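Let me begin by presenting the structure, written as structure tokens, before commenting on it.
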Amino acid sequence: MLTLSRRYHETLRNQQKRRWRQLAGRSLVGKTVGIAGMGYVGCAAARNARALGMRVVGLCRSIDDSNGIELTDEVASTTDMTEALGNLDFLVICLPVTSQTRQLFGPDEIAALKPGAIIVNAARESIVDYRALSGALKNGHIGGAALDVFDKEPLSRRSPLWKNENVLVTPHVGAFTKDYKAKVGELVCDNIERFLDKRPLRCVVDRNKGY
2 MLTLSRRYHE TLRNQQKRRW RQLAGRSLVG KTVGIAGMGY VGCAAARNAR
52 ALGMRVVGLC RSIDDSNGIE LTDEVASTTD MTEALGNLDF LVICLPVTSQ
102 TRQLFGPDEI AALKPGAIIV NAARESIVDY RALSGALKNG HIGGAALDVF
152 DKEPLSRRSP LWKNENVLVT PHVGAFTKDY KAKVGELVCD NIERFLDKRP
202 LRCVVDRNKG Y
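Residue numbering for the sequence shown follows our numbering, beginning at 2 and increasing consecutively.
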């Protein structure tokens, strides 16, 4: 959100060309971000957004879903979110793929977003209609997108997403840090100890929900 709103991606391109050009970007303070999926990742995104002075709208399966509600200024249901989408400056997607979330953000939902809105997908491509997104980026309705996930990886060199100057393409590295494997190992070891001690496990998957 910072990179695209402050146009840092354009500044980096100018640096490579040794071009001194001051670009006026947008502040995040006072802007509204919708976070689809208020799980662990969504709540972390909400905390960071609030720290930057943003207004947070949680997009959940049900407005009665209380997970992370204290981090939001408003909660909207993903089954009736047209009005909420029209008020968003940013949409951050942190949802798992289920039968309910597949293609959740299709042409109609993308069109319902506020003109110039920026989309960040840190979940899975199949939640968003990338063809509709590409069209909305091309006609200027969507102001930019940061995409870390794709159905076919690596992303085809022929994809139009590479060429759009307002798209950040990252190679599925949202959680990939130098200490990533160590953190995963710590979680596994902790869960083994919990299992042996007959204590509740961390990060348990609900097979009925699919996540």
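By construction, the Cβ of each residue, glycine as well, lies at the ideal position given by its N, Cα and C atoms.
Note that the structure is predicted; figures quoted are calculated from it, not measured.
Nearest in C-alpha terms to Lys115, of all of Gly31, Asp90, Leu156, is Asp90. Counting along the chain, no beta strand (DSSP E) covers Ile193; the unbroken alpha helix (DSSP H) around it starts and ends at 181-197. Counting along the chain, the unbroken beta strand (DSSP E) around Ile143 starts and ends at 143-148. Within the model, the alpha-carbon separation for Arg159 versus Glu126 is close to 17 Å. Taking C-beta atoms as the reference points, Ile64 and Ser78 count as a pair closer than 7 Å.
Counting along the chain, Asn167 sits inside no beta strand (DSSP E), nor does DSSP assign it H or E at all.
In the DSSP assignment, the residues bridged to Gly59 are Ile36, Val76. A straight-line Cα-Cα distance of about 11 Å links Glu71 and Met39. Relative to the Cα of Arg19, the nearest Cα in the group Gly26, Ala25, Glu11 belongs to Glu11. Judged by DSSP secondary structure, Val42 falls within the alpha helix (DSSP H) whose first and last residues are 41-52.
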